[in-house]
Amino acid sequence: MDHITHQAHGHVADPQAGHKMSAAHASHDRHAGHSVAMFRDKFWLSFALTIPVVFWSADVQHWLGYRAPSFPGSNLIAPILGTVVFVYGGLVFIRGAWSELVDRKPGMMTLISLAITVAFGTSLAATFGLFEIEVWWEFASLITVMVLGHWLEMRAISQASGALNALAALLPDTAERVSGAETQTVPLSELHAGDVVLVRPGTRVPADGTVVEGSADVDESMITGESRTVPKGPGANVIAGTVASGGSLRVRITAVGEETALSGIMRLVAAAQASGSRTQALADRAAAILFYVAVASGAITLTFWWLSGDREHALIRTATVLIIACPHALGTCDSARDCNLDIPWSSERSPCQG
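Under the working numbering, the first residue of the sequence shown is numbered 314, with each subsequent residue one higher.
Here it is, written out as structure tokens:
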């Protein structure tokens, strides 16, 4: 394949390798350095801290009919651990929201940050006696759920991108081109349709072609899924990336680069991943609209109840409107574009957004 190169100790697709459809995953570099492992760690620690916050919640105790142990300082468990959850698990969303607002493109991260920031402020104010209501356990649970969603999404896309890496790894670094009675080792990029290559036992076919001499059993499981080898002789077609065994073949190349079957499979996989970007673009537009609607609704709620003379409930109702505006179910990321995963077929890296 013309555009595939391989580095020592591992096969890595060149950024220009027939995957330019991945340009749909444009990078915004909003918070580089994110990884699947980072969100995994954030989830488990946030989850562990959320359990005691929920357990000591007065609302949960009332609903489930139990009484949590009371001791000096037990009333500070929720504020302290909730604050830790906000700083450790929530700041990643705050940073993403800041980048969105700097770009003047509010989206999912802005909505999530709006909800958790208002919830944190409301709970903190209630702890200091300014409100009669606090939402520490809901707030901590919300952050934990959002972090879990991002972790699962990033892990799924990371695994999907591994399929492309595995496909790229099926090609050899070089091919043995036959010129008369001589063979010459050349990079794959120098192969052309009509060239004859020698495929030795145990090596991979470098490009699609037709057998002109020799016979061998070829493992085509990477294409067909069948573990049984297929006998090949003169006139049989072979596919790039398949493995010859039990004999050698001389193959006349019929397709190279983007024209090979393997490249076509890689394009289909990348195109399937790129389709998520169109959905994400629609979600981003919807999130931007919802952000402005939430802010406007909060302002109207605050103004109405404040002018009605009920200032405490004005603040509580405004906080409620802003918190529930967060689209919990949409807190996912288009990872190839928005998550900074190590995807060699993409020429740029991207952060994770909500």
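By construction, the Cβ of each residue, glycine as well, lies at the ideal position given by its N, Cα and C atoms.
Item                                                                                                                                                       : Value
Using a Cβ-Cβ distance cut-off of 8 Å, determine whether serine 558 contacts chain B.                                                                      : The displayed structure is made up of one protein chain only, and chain B is not part of it.
Between Met421, Met422, Trp450, Ser561, which has its C-alpha nearest leucine 435's C-alpha?                                                               : In the sequence as presented, leucine is not what sits at residue 435; that position holds threonine. The candidate whose alpha carbon is nearest that of threonine 435 is Trp450.
Can you list, in chain order, the stretches of the alpha helix (DSSP H) that have 4 or more residues and sit fully within the segment 494-554?             : 534-537
In the DSSP assignment, the alpha helix (DSSP H) including arginine 380 goes from what residue to what residue?                                            : That residue, arginine 380, is in no alpha helix (DSSP H); it is neither H nor E in DSSP.
From the DSSP secondary-structure annotation, give me the bridge partner or partners of alanine 488.                                                       : Val499
For valine 458, which option in Phe399, Leu603, Leu575, Phe368 has the closest C-alpha, if you only look at C-alpha atoms?                                 : Phe399
For glycine 403 and isoleucine 429, which I take to be in contact (beta-carbon distance under 8 Å), what is that distance rounded to the nearest angstrom? : 5 Å
From what residue to what residue does the alpha helix (DSSP H) around valine 398 run?                                                                     : 390-398
Valine 349 by DSSP, collapsed to three states: which one?                                                                                                  : helix
Which residue from Ile613, Ala600, Met535, Ser558 puts its Cα closest to that of arginine 417?                                                             : Ala600
Rounded to whole angstroms, how far is the Cβ of aspartate 521 from the Cβ of valine 556, which I believe are closer than 8 Å?                             : The pair is not a contact, with the Cβ atoms about 15 Å apart (cut-off 8 Å).
Taking DSSP as the reference, what is the three-state secondary structure of valine 448?                                                                   : coil
In terms of residues, what are the limits of the alpha helix (DSSP H) holding arginine 630?                                                                : 624-637
Since valine 509 contacts arginine 565 with CB under 8 Å, what's their CB separation in whole angstroms?                                                   : 5 Å
Can you give the Cα-Cα distance for tyrosine 605 and alanine 596, rounded to whole angstroms?                                                              : 14 Å
CB leucine 480 to CB leucine 603, shorter than 8 Å?                                                                                                        : no
Compare the Cα-Cα distances from glycine 570 to each of Leu501, Ala432, Glu466, Ile536 and report the closest residue.                                     : Leu501
To the nearest angstrom, how far is it from the Cα of aspartate 372 to the Cα of valine 634?                                                               : 20 Å
Starting from isoleucine 412, follow the alpha helix (DSSP H) in both directions and report where the run begins and ends.                                 : Isoleucine is not the amino acid found at residue 412; the sequence shown has serine there. 404-415 is the span of the alpha helix (DSSP H), which, as asked, contains serine 412.
Got a sec, what are the start and stop residues for the alpha helix (DSSP H) leucine 437 sits in?                                                          : 421-440
Can you grab the Cα-Cα spacing for the pair serine 370 / alanine 439, in whole Å?                                                                          : 13 Å
If leucine 394 sits next to leucine 362, beta carbons under 8 Å apart, how far is it from one beta carbon to the other, in whole angstroms?                : 5 Å
For a test of the three-state rule: what should DSSP assign to valine 569, helix, strand or coil?                                                          : coil
List the endpoints of the continuous beta strand (DSSP E) containing alanine 557.                                                                          : 556-558
Would valine 366 and alanine 453 be called neighbours here (beta carbons separated by less than 8 Å)?                                                      : yes
So is tryptophan 376 buried or exposed if we call it buried at 16+ other beta carbons inside 10 Å?                                                         : exposed
If we call anything under 8 Å between Cβ atoms a contact, is threonine 460 one with serine 610?                                                            : The residue asked about is misnamed: residue 460 is valine in this sequence, not threonine. The answer is no: Cβ separation not under 8 Å.
Does the separation of the CB atoms of valine 511 and valine 525 fall below 8 Å?                                                                           : Reading the sequence as shown, one finds leucine at residue 511 and not valine. No.
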